[in-house]
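Q:
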Amino acid sequence: MLISRGVGPLRYFITKLNQPILGQGTQSIRKSHGSIWSYRQPVSKHPKHIIILAEVVGGYMWWWIFWHFWHESGHVFGEVEYPNPSKWTDEELGILPDDEE
Numbered sequence: 001m002l003i004s005r006g007v008g009p010l011r012y013f014i015t016k017l018n019q020p021i022l023g024q025g026t027q028s029i030r031k032s033h034g035s036i037w038s039y040r041q042p043v044s045k046h047p048k049h050i051i052i053l054a055e056v057v058g059g060y061m062w063w064w065i066f067w068h069f070w071h072e073s074g075h076v077f078g079e080v081e082y083p084n085p086s087k088w089t090d091e092e093l094g095i096l097p098d099d100e101e
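Residue numbering for the sequence shown follows full-length UniProt numbering, beginning at 1 and increasing consecutively.
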């Protein structure tokens, strides 16, 4: 029983001894899939028309957000129905009852 339990770890140990040790004369190769890598080089500048277009699109986006926030703020704060004062009772308005009898 003890021998059969020791066979698995012994086989694992022997296979690890037969494998070559990495790091002795091997060099890892980075596979960057052909993309441009600019680690120590400055990033190339964008064309001027792209920068202007980005500013215009960003400005339009913020105009849209603020315009709709100002004119349709109920979407953010919720639609609150204003109560109709003509439906209030005298007690709700704080008017004392008439005791003329």
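Yeah, the Cβ is synthetic: ideal placement off N, Cα and C, and Gly gets one too.
1) Taking the straight line between their C-alpha atoms, what separation do you get for residue 104 and Trp62?
2) Contact defined as beta carbons within less than 8 Å: I believe Pro83 pairs with Asp90. What is the distance between those atoms, to the nearest angstrom?
3) Please state the DSSP three-state secondary structure of Asn18.
4) Need the endpoints of the alpha helix (DSSP H) that Lys48 sits in, please.
5) Can you tell me whether Tyr60 sits near the ligand FAD, meaning its C-beta is under 6 Å from at least one heavy atom of the ligand?
6) Is Ser44 helix, strand or coil by DSSP?
A: On the basis of the data shown:
1) Residue 104 is absent from the structure shown; the chain starts at 1 and stops at 101.
2) Incorrect: roughly 16 Å between the Cβ atoms, too far for contact.
3) helix
4) Lys48 to His71
5) No copy of the ligand FAD occurs in the structure displayed, which carries no ligand at all.
6) coil
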